[in-house]
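**Student:** So the protein lines, in turn, are chains A and B. Residue numbers for the first sequence follow the working numbering, so the first one is 3 and each next one is one higher. Residue numbers for the second sequence follow the working numbering, so the first one is 231 and each next one is one higher.
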Amino acid sequence: MGGDSNKRKRSESDGGGEEQPPERKMEILPSMIKNKEKRSAVHAKLKQQKKLEKRKKAKARDAAEKRALELGEEPPAKKIPKTIENTREVDETVCKPDDEELFAGNDADEFSSILKRESNPKILITTCRFNSSRGPEFIKELLSVIPNATYYKRGTYDLKKIVEYANKKDFTSLIVVHTNRREPDALLIIGLPAGPTAHFKLSKLVLRKDIKNHGNPTSHEPELVLNNFTTRLGHRIGRLIQSLFPQEPNFRGRRVVTFHNQRDFIFFRHHRYIFEEKETKQIESKGKKTKDANAESGPNGKVIARLQECGPRFTLKLISLQHGTFDTKGGEYEWVHKPEMDTSRRRFFL
Amino acid sequence: MPRTTTLECPGCPPLRALTFDELGLIKVIEARGQQGRAEPKVVERWGEPDSSKSVLAASIDDRKSDPLLAVARRNGTIEVLNPLNGGLRIAVTNSSDNGGDDPVAGLHLFAKKNSELASRSCTLLTCTTNGNASVRSFELTKPAADVASSGSSRTWSVGAGGSISCSKVDGSENYFLFGGKRVEMNVWDLDSCAKIWTAKPPPKNSLGIFTPTWFTSATFLSKDDHRKFVAGTNGHEVRLYDISAQRRPVISFDFRETAIKSVAEDIDGYTIYAGNGSGDLASFDIRTGKLLGCFLGKCSGSIRSIARHPDFPVIASCGLDSYLRLWNVKTRQLLSAVYLKQHLSNVLFDSNFADEEADIVNPPTDRLQHDELSVAERDEGETRPVKKKKSKEKNGSKKEAKAKGRNKEEVSSLGRRDDGETPPVKRKKSKENKGSEKEASEESGCKKLKSKKSSKRPKREDVDSTS
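(1) Gln50/A by DSSP, collapsed to three states: which one?
(2) At the 7 Å Cβ level, is His325/A part of the contact set with chain B, yes or no?
(3) Kindly indicate the opening and closing residues of the beta strand (DSSP E) around Leu451/B.
(4) Using a Cβ-Cβ distance under 7 Å, would Pro333/B count as near chain A?
(5) How many whole angstroms separate the CB atoms of Ala300/B and Val310/B, which I take to be in contact at a CB cut-off of 8 Å?
(6) Just checking: is the beta-carbon of Leu253/B within a distance shorter than 7 Å of some beta-carbon in chain A?
(7) How many Å lie between Gly611/B and Ile497/B at the Cα?
(8) Taking the CB atoms as reference points, tell me whether Asn582/B and Asp291/B lie closer together than 7 Å.
(9) Which residues, in order along the segment 560-584 of chain B, keep a beta-carbon less than 8 Å from a beta-carbon of chain A?
(10) Could you work out which residue in Ala287/B, Phe406/B and Ala261/B is closest to Leu255/B when comparing CA atoms only?
(11) Pop quiz: Ala567/B and Leu554/B are said to be a contact at Cβ under 8 Å. What is the actual Cβ separation, rounded to whole angstroms?
(12) Buried or exposed for Val544/B, going by 16 or more other Cβ atoms inside 10 Å?
(13) Would a check of beta-carbon distances place Ala247/B closer than 7 Å to chain A?
(14) Give the straight-line distance between the Cα atoms of Ser346/A and Lys84/A, rounded to the nearest whole angstrom.
(15) Using a 10 Å radius around the Cβ and a threshold of 16 neighbouring Cβ atoms, would you call Tyr471/B buried or exposed?
(16) Note down the Cα distance separating Thr488/B from Ser115/A, rounded to an integer number of angstroms.
(17) Can you list, in chain order, the residues of its chain whose CB lies under 6 Å from that of Lys619/B, leaving out five sequence neighbours each side?
(18) Any beta carbon of chain B sitting closer than 7 Å to that of Thr95/A?
(19) Between the C-alpha atoms of Leu248/B and Gly317/B, what's the straight-line distance to the nearest angstrom?
(20) Report the rounded CA-to-CA distance for Ile710/B versus Ile426/B, giving the unit in angstroms.
(21) Please specify which runs of the alpha helix (DSSP H), each continuous and at least 4 residues long, are wholly inside the segment 193-225 of chain A, giving them in chain order.
(22) Measuring only the C-alpha atoms, how far is Gly241/B from Glu75/A?
(23) At the 7 Å Cβ level, is Gly332/A part of the contact set with chain B, yes or no?
(24) What residues from chain D crowd round Gly107/A, counting only those whose CB sits closer than 9 Å?
(25) To which residues does DSSP link Gln244/A through a beta bridge?
(26) Counting C-beta neighbours from all protein chains within 10 Å, is the total for Asn182/A 16 or more, i.e. buried, or is it exposed?
(27) Name the residue from Gly507/B, Asp454/B, Ser422/B and Ile439/B whose alpha carbon lies nearest to the alpha carbon of Thr463/B.
(28) Just verifying my parser: in three-state terms, what is the DSSP assignment at Val258/A?
(29) Counting only C-beta atoms, is Ala546/B closer than 7 Å to chain A at any point?
(30) Kindly indicate if chain B contains any beta-carbon less than 7 Å away from that of Val338/A.
(31) List the whole-angstrom C-beta distance separating Ser552/B from Leu574/B, where the pair is believed to meet the contact cut-off of C-beta under 8 Å.
(32) Buried or exposed: where does Glu102/A fall if 16 or more other Cβ atoms within 10 Å of its Cβ makes it buried?
(33) Please classify Ala70/A as buried or exposed, where buried requires at least 16 other C-beta atoms within 10 Å of its C-beta.
(34) Quick check: the Cα distance between Ala746/B and Gly438/B, rounded to an integer number of angstroms?
(35) Once you ignore the five residues that flank Lys124/A on each side, which residues in its own chain have a CB closer than 6 Å to its CB?
(36) By alpha-carbon positions, which one of Arg131/A, Val258/A, Arg349/A and Pro138/A ends up nearest to Leu161/A?
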């Protein structure tokens with residue numbers, strides 16, 4: 003077998019060698035060798051070489067850094083690793099800060115009256131028809147997260163009827179929690195009276211009681227953090243989420259609600275924070291943390307922020323954004339997720 | 231280096247398109263450069279962003295000298311502009327007796343009546359949602375602020391209790407049709423302001439369920455025939471109506487799952503383009519009701535408007551995803567996409583632009599050829615009406631018969647395949663097809679076709695020999 007393959011290789015190299023002889027030698031990959039023992043040996047050798055090279059590089063880099071430190075020079079700039087986010091596909095819909103059309107569009111959209119503080123958000127939360135176990139618990143926690151929200155039992159009403167009712171009662175948004183097999187799996191946020199309807203997939207739900215060392219939120223208006231909603235669609239989703247919360251947070255409550263978008267997944271977190279001075283902390287508690295903190299900071303009290311998670315933790319993914327209120331049959335979509343969009347890992351829409 | 235897929239846009243022929251959006255902006259997109267490889271760009275933007283000036287309907291009269299563009303806005307004004315530089319010619323407020331909550335659903339700028347009356351006035355047909363239609367003509371010589379209408383002004387009510395969502399005027403500009411939510415398709419004679427035809431809703435289905443009428447879009451099938459038109463419904467159906475045949479649709483077929491939002495016709499007289507609420511765009515052969523193919527291109531927002539370029543094989547689509555997309559009709563390939571930042575409501579082509587541009591850019595020989603081609607195309611389009619009606623109808627029916635013959639075979643083969651796989655839904659579809667075909671055959675009144683059913687073989691040979 004081995005001889006055979008060698009022969010073939012030779013013949014191949016003879017054939018192709020006339021055109022580009024230097025490249026040809028480099029091109030023999032271990033995967034092209036047919037004998038397994040030989041292949042694995044070559045492969046191991048290659049791997050070892052690579053490892054050594056890598057180590058050498060790292061050593062050189064460290065040495066350069068050290069030398070720079072000794073000489074008191076600027077250390078060489080650290081290289082930024084390539085991630086999927088920073089190599090994302092170029093998107094022309096990304097909002098630019100100096101785009102006057104964007105601001106005009108913002109002024110004209112459905113949320114502008116709430117976001118300009120002309121009216122207060124008032125939220126109606128309801129569920130799908132069958133709702134049990136984790137569903138009600140989740141809703142209880144949502145009610146504690148979103149101020150000025152009320153829960154209505156779904157009953158057997160059509161969603162369109164509920165939208166009508168909510169319009170009449172001057173609600174500004176409607177949230178529907180959809181459960182499947184007693185597990186919340188979808189979230190529908192409907193802007194009222196004319197606003198868009200966003201349909202999210204809900205996953206990775208962790209309720210408050212399952213979070214270790216969780217805190218209990220107060221009833222103050224929370225601060226809102228919206229991260230990474232960059233494109234026009236993302237901007238719109240961000241504004242939709244923003245319109246659920248009061249625009250004037252009560253900073254006394256030290257409560258933050260975060261919607262963090264990363265690779266089109268929106269992560270929801272709910273925290274309490276506190277600013278503490280180092281010295282007080284020294285007295286209060288002992289342990290690893292304080293020791294580390296001591297090593298870092300000097301004797302004069304330095305203010306640090308501590309976080310405590312409270313409230314549910316979940317992840318949203320946008321499925322569709324519909325123009326107008328809920329209408330699956332005759333509705334017009336502003337954006338629908340279609341399978342042909344998933345041809346690249348580096349294409350993001352929010 | 232990470233692999234990134236670049237959008238392969240081959241570029242498009244030199245053209246000029248106008249888009250209208252929800253903030254009342256009008257954007258001019260021009261593709262200049264080598265024929266077939268031009269990159270379209272936004273060259274101009276007219277108007278200031280204002281949501282109350284959101285454009286509802288637009289119509290263009292792109293003649294060679296002194297072209298006009300009419301735009302209906304949400305606040306009730308209708309503006310007549312110069313499509314070359316955006317200069318405002320006149321602004322008219324819609325008839326004041328109905329309040330602000332009666333937006334314009336359809337607008338048409340008459341081309342022929344203008345030419346008769348010289349280029350000093352323009353005639354507009356407006357149709358509001360509540361069913362107030364009016365034909366008014368205005369003098370263009372007066373200053374822009376002057377509102378008073380001059381000459382003939384007729385207003386009549388066409389509403390039937392529902393809300394009108396689409397209206398269209400045929401090529402000869404003697405007839406117009408409309409339809410909407412709870413309004414069946416109507417055809418009116420513009421000279422006498424009289425209704426000449428109304429559609430009849432299709433019968434209840436096998437379960438006894440009646441789908442309420444809700445038309446969302448309509449278009450005449452060809453420029454010189456006011457009797458055939460295509461309508462799209464909210465229940466994702468595309469229907470072909472023939473006034474001369476019957477009041478129910480001649481052919482109707484489903485397209486995907488969401489409401490049809492726009493329908494446009496090709497100049498060949500049988501291809502239509504339909505776009506729906508979730509961003510799918512497809513072309514159909516309306517003679518048989520068969521899907522020719524979909525236009526694939528990651529389009530994710532509802533398609534509000536489709537326009538066919540008069541000369542090049544290009545269509546433009548735009549909608550809620552705020553992209554203007556240009557497609558090749560033949561290959562159904564995306565030529566290019568332009569991001570326009572707002573929800574778009576309408577797109578129109580300015581057909582004269584190509585002429586001006588090509589003279590400068592292209593070598594004259596190419597241009598000549600192209601001119602000849604386009605002239606030939608136009609001739610084809612124009613010679614048809616000159617022929618006597620009878621012969622034309624015969625031709626048409628023959629063609630249709632042929633097409634049907636072919637279609638029959640296809641349908642039967644489809645049916646067989648379906649039987650093999652036995653998905654219940656599909657089989658139903660084929661049945662529907664057959665049903666519609668039956669209707670079609672009744673419509674054309676060809677007895678041959680009926681006899682064909684009993685004896686398929688010899689007829690098929692016949693068809694082959696004729697074709």
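Every residue gets a Cβ at the ideal spot worked out from N, C-alpha and C, and that includes glycine.
**Tutor:** Result, derived from the coordinates:
(1) Of the three classes helix, strand and coil, the one that applies to Gln50/A here is helix, per DSSP.
(2) yes
(3) Phe445 to Ser452
(4) no
(5) 5 Å
(6) yes
(7) Unreliable placement is indicated for Gly611/B, whose pLDDT of 40 sits below 50; no coordinate value is reported for it.
(8) no
(9) Tyr569, Lys571, Gln572 and His573
(10) The closest CA to that of Leu255/B, considering only Ala287/B, Phe406/B and Ala261/B, is found on Ala287/B.
(11) 7 Å between Cβ atoms; contact.
(12) buried
(13) no
(14) 16 Å
(15) buried
(16) Linking Thr488/B to Ser115/A through their CA atoms gives a straight-line distance of about 31 Å.
(17) Annotation note: pLDDT 43 at Lys619/B (below 50); position unreliable, coordinate value reported separately. Cβ within range, chain order: n/a, list empty.
(18) For Thr95/A, at least one C-beta of chain B is nearer than 7 Å to its own C-beta.
(19) C-alpha of Leu248/B to C-alpha of Gly317/B: approximately 14 Å in a straight line.
(20) Chain B is shown from 231 up to 697; residue 710/B falls before or after that span and cannot be answered.
(21) none
(22) 52 Å
(23) yes
(24) Absent from the structure is chain D; the protein chains it does hold are A and B.
(25) Paired residues: none, contrary to the question.
(26) exposed
(27) The shortest C-alpha separation from Thr463/B is found at Gly507/B.
(28) Strand at Val258/A.
(29) no
(30) yes
(31) 6 Å
(32) That one is exposed.
(33) exposed
(34) No answer is possible for residue 746/B: the residues shown for chain B start at 231 and end at 697.
(35) Asn150, Phe173 and Thr174
(36) Selected option, being the one with the closest Cα: Arg131/A.
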